[in-house]
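Written out below as structure tokens is the structure these notes cover.
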Amino acid sequence: MDTFAALSQGLTIALQPINLLFAFVGVMLGTAVGVLPGIGPALTVALLLPITFKLDPAGSLIMFAGIYYGGMYGGSTASILLNTPGESSSIVTALEGNKMARAGRGGPALATAAIGSFVAGTIATIGLALVAPTVVDIAISFGPEDYFALMVLAFTTVSAAFGSSVTRGLTSLFLGLALGLIGIDLQSGQARLSFGIPDLLDGVEVTTLAVALFAIGETLSVAAAGARADEIIEPVKGSVFMTREDWKRSWKPWIRGTFLGFPIGAMPAGGAEIPTFLSYALEKRLCRKPDEFGNGAIEGVAGPEAANNAAAAGVLVPLLTLGLPTSATAAIMLAGFQQYGLNPGPLLFVTNPDLVWGLIASLFIANGMLLILNLPLVGLWVRLLAIPRPWLYGGILVFATLGTLGANPSLVELGMLLIFGLLGYVLRRYDYPIAPVVVGLILGPLSEQQLRRALAISVGDPLALFQSPIALTLYALSALALFGPLLFFLLTGRKAPVGADED
Amino acid sequence: MTQILRGALVAAALAAFAPMGAAHAEIKDLKIIAPAAPGGGWDQTARSIQQALQSDKLVSNVQVVNVPGAGGTIGLAQFVNANKGDPNTLIVGGYVMVGAIITNKSPVNLSQVTPIARLTGEYEAIAVPANSPIKSLADLVAALKADPQKVSWAGGSAGGTDHITAGLFAKAVGVDPTKVNYIAFSGGGESLASLLGGKVTAGIASLSEYDSQAKAGKLRVLGVSSAQRLPEAPDVPTFKEAGIDVEIQNWRMIAAAPGITPEQKKEISETIEKMVKSKAWTELLAQKGWANTYLSGSAFDAQLAKDISATQTILKDIGLAQ
């Protein structure tokens, strides 16, 4: 069947009133759980699975897709307004987004996140419909050595992008890398740095660390500053919606974010975090006002938000074409498919075309629905910031604690939240950047595992790391990111222009 | 807001699924701890039990609680410490827990719970990419004997069922199990991808994980770890047929709290037995592709003890435990 005919067939299924209702329920639930830190789309779908058992497969899968996309939207709202990233893929959004929100630009930040997510979700879903089989072949050809090279690229670009002082940035990064070592080592099964505490065997949860460093740490420093704090949070300054200039500064990051997010999301070990880091670093490089980065640059919200939504669609590529679940939510959706006796895999497009195309079509619908739901809410959301400061921060504390406990009801987890919160305060007090700690925790274990797998497969021969063309290309890009500006300086005798692209 | 929404939804669902059963149910409330994150095998087992118990009105209200972490040992520790003598809380567990308790040096172990029954099992399969020069188990054994380091195996986390199976396999063909080049992956998706991409020599996982790829002609399943050939893959020989004396089952069980009375144990065992015989349970197993390997009472206790000591030995042989 021709793709477009199949897709329009899918649209007629997804547009049935009852399926529209399922999509609506899904996006509402998804947005709500996305806002709460800790409770994510994976848990929600798991809770709903036994309930939806008796419903018709198309309807419930459409609802799950709505929850999945909705969770991505909700995560960015909490990041921007409250500095509490609900999902690890919206951590980067908090960096610039929350700064914008405090400067009275919460409206444009939420809007660029919503529209960016819509644009990225739509393009990536088109990608899913048209090129899924090709993309998946490329994604599968990534071996551990190539993933390691990808991580090296992420490290080099990210360390170039965060913070003003290299020493301080690296200190924070190594702190995160050290935290990443805690827990059972996957390759040897042995516990590291767990000090006999069973709860530490699984390592430090990324969202716990992020919420603690961002939200709790900040609450503590606001409380410590007391009346001396001169910063005033303004709920709205200027337009509540995006201005002409905001549009102009947003559309390119949306597109670039999409093209980073979709392919990396489609890789079995890619995930949604790495493309957000890469997008942030790229936008900082290309931005014409780089000094705005760190103080609320809209590009730093637009790019990473587009990247994480595109990655969410990318994750569906291996799920639908190969039956490979590469994220927690995808694993549960796979269980959902199996509940109806469907086996995602190479044959799903052939055996159940109605369902697959109905699902893809409903992703478009969920995306549109989310935009329509979220844009009018922007005005309402930013009112949250008008809450008097003691109440707002008190609320953030309660919210962060509840979210963490909701995800894992354990005293050790709560203790970690508070200790990392103190750490966040100390880092802020002595002017160390926060984000590299989280980046280290995410990238450290990933890169270590990939490096060790690559070396184990080659029986210890380090040359194997440099034998694949994919890896070599990625190393070349890393070298360019590290030494590019220096070379430019040496060759021309002046500093590299930032934001070299012209309209 | 979300809480209310979720609460309302769950309440609505419970109302829809357990309507007039309350009067007939023998046990009113039951909490099942799934010592894993949502989506995995134990979580699905717990939720299947929930569904079967409720739809047959054996228990009117069943709640599943996820306590993830460290191969189930965190959930187990919490269960043993907090639910002593509590007949209304059960825990799901399985073979993976046996290994995790040993490698994590867990402070609690399975002798501290009251095992009720083994419920389901999945058998392990070894597969290679379709274009691999290895065509049969005999080829794999030859390659392994020539140089065990050159044969890389993709599977789940170190010390899990996949790793143990690889170790037993090597030992059975006379290869030093510490020499097995085992590459651990955290999720089934990633290890399958490395196999499909031809990055590793062979893969080892539950048969169900390879089934659809094998049917699509992308993988070749060389053998399975069951005693007889399996109905879902009748063409695949068992390890035993190829002369490799390894039989292993990744089983899942349900256990009750320590310190319950013999009467309470009997009541729980009877309820579970009724559930196992129900149509709802049979249908759920068929849907998930799990074999019914129900075993209860002293037979299960004996099997459990045997599994624990065999696992201890092989983990020592692989070098993961002292």
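Residue numbers (my numbering), protein chains in the order written: chain A, 1463 to 1965; chain B, 153 to 474. The beta carbon of each residue, even a glycine, is placed where N, CA and C say it ideally should be. Note that the structure is predicted; figures quoted are calculated from it, not measured.
Check                                                                                                                        : Outcome
Own chain partners of I254/B with C-beta closer than 7 Å, once the 5 adjacent residues on each side are dropped              : T463, Q464, L467, A473
Nearest residue (CA-CA) to D387/B, options W403/B, G307/B, K367/B                                                            : K367/B
For K458/B, the three-state DSSP class (helix, strand or coil)                                                               : helix
Interface residues of chain B facing G1762/A [CB-CB closer than 7 Å]                                                         : Near G1762/A there are no residues of chain B at all, since even the closest Cβ is about 28 Å away, more than 7 Å.
Rounded Cβ spacing between F1882/A and L1675/A (contact assumed at less than 8 Å)                                            : 6 Å
Heavy atom of the ligand GTP within 7 Å of V1901/A beta-carbon                                                               : Inclusion of the ligand GTP in the displayed structure is not the case, the ligand content being empty and no account of it being possible.
L1477/A vs S1940/A beta-carbon contact at 8 Å                                                                                : no
Interface partners of K351/B on chain A, CB under 8 Å                                                                        : G1605, P1606, I1919
Beta-carbon spacing of G1496/A, G1537/A below 8 Å                                                                            : yes
The stretch 442-469 of chain B: positions lying closer than 7 Å to chain A by Cβ                                             : none
Test: G173/B CB closer than 8 Å to a CB of chain A                                                                           : Note that G173/B scores a pLDDT of 39, beneath 50, so its modelled location is shaky and nothing firm can be said.
Min CB distance I1969/A to chain B below 8 Å                                                                                 : Given that chain A is displayed from residue 1463 to residue 1965, the structure contains no residue 1969/A and the question cannot be resolved.
Classification of S450/B by the beta-carbon crowding that lies within 10 angstroms, buried from 16 upward                    : exposed
Between the CA atoms of D208/B and G173/B - distance to the nearest angstrom                                                 : Low per-residue confidence applies at G173/B: pLDDT is 39, beneath 50, and the placement is therefore not dependable, though the value from the model is reported in the following sentence. The alpha-carbon atoms of G173/B and D208/B are separated by roughly 8 Å.
Nearest-angstrom Cβ-Cβ length linking T1791/A and A1576/A, presumed shorter than 8 Å                                         : With a Cβ gap of about 20 Å, T1791/A and A1576/A do not count as contacting.
Per-residue burial, H176/B [other beta carbons within 10 Å of its own, 16 or more giving buried]                             : Residue placement at H176/B is flagged as unreliable, the pLDDT there being 45, under the threshold of 50; a coordinate-derived value is accordingly withheld.
The stretch 1735-1754 of chain A / the stretch 1591-1598 of chain A touching (three or more Cβ pairs under 8 Å)              : no
Contact with chain B by L1663/A, beta-carbon distance below 8 Å                                                              : yes
Spatial neighbours of D1923/A in its chain, beta-carbon cut-off 8 Å, leaving aside the 5 residues before and after           : L1917
Interface flag, A1527/A vs chain B, CB-CB below 8 Å                                                                          : no
Cβ pair count under 8 Å reaching 3, the stretch 1768-1775 of chain A against the stretch 1523-1536 of chain A                : yes
Closer than 9 Å at the beta carbon, the chain A residues around G221/B                                                       : P1660, D1661, L1663, D1664, N1870, S1872
Pairwise C-alpha distance: M405/B and M107/B                                                                                 : Chain B is shown only over 153 to 474; residue 107/B falls outside these bounds and no answer can be derived.
Buried versus exposed call for E1680/A [16 or more other C-beta atoms within 10 Å across all chains shown]                   : buried
Distance between beta carbons of L1825/A and V1448/A, contact taken as under 8 Å                                             : Residue coverage of chain A in this structure runs from 1463 to 1965, which leaves residue 1448/A outside it and unanswerable.
Residue range of the beta strand (DSSP E) that includes R270/B                                                               : 266-281
Inter-stretch contact at 8 Å, needing at least 3 Cβ pairs: the stretch 329-337 of chain B / the stretch 1751-1760 of chain A : no
Three-state secondary structure (DSSP) of Y1894/A                                                                            : coil
Residues that R381/B bridges to, as DSSP identifies them                                                                     : R381/B pairs with nothing; no bridge assigned.
Proximal chain A residues relative to G401/B, where beta-carbon distance stays under 7 Å                                     : Gly is not the amino acid found at residue 401/B; the sequence shown has Gln there. The contacting residues do not exist; Q401/B stays about 20 Å from chain A at best.
Per-residue DSSP class, three states only, for G173/B                                                                        : Any reading at G173/B must be qualified, since the residue scores a pLDDT of 39, below 50, and its modelled position is unreliable; no value is offered.
For W305/B: DSSP bridge partner residues                                                                                     : Y334/B, A354/B
Those runs of the alpha helix (DSSP H) which lie wholly inside the stretch 1497-1573 of chain A and span at least 4 residues : 1503-1514, 1519-1544, 1553-1562
Contact the stretch 391-403 of chain B vs the stretch 254-274 of chain B: 3+ CB pairs below 8 Å                              : yes
First through last residue of the alpha helix (DSSP H) which encompasses R404/B                                              : That residue, R404/B, is in no alpha helix (DSSP H); its beta strand (DSSP E) goes 401-408.
Q1471/A at chain B interface by Cβ criterion, 8 Å                                                                            : no
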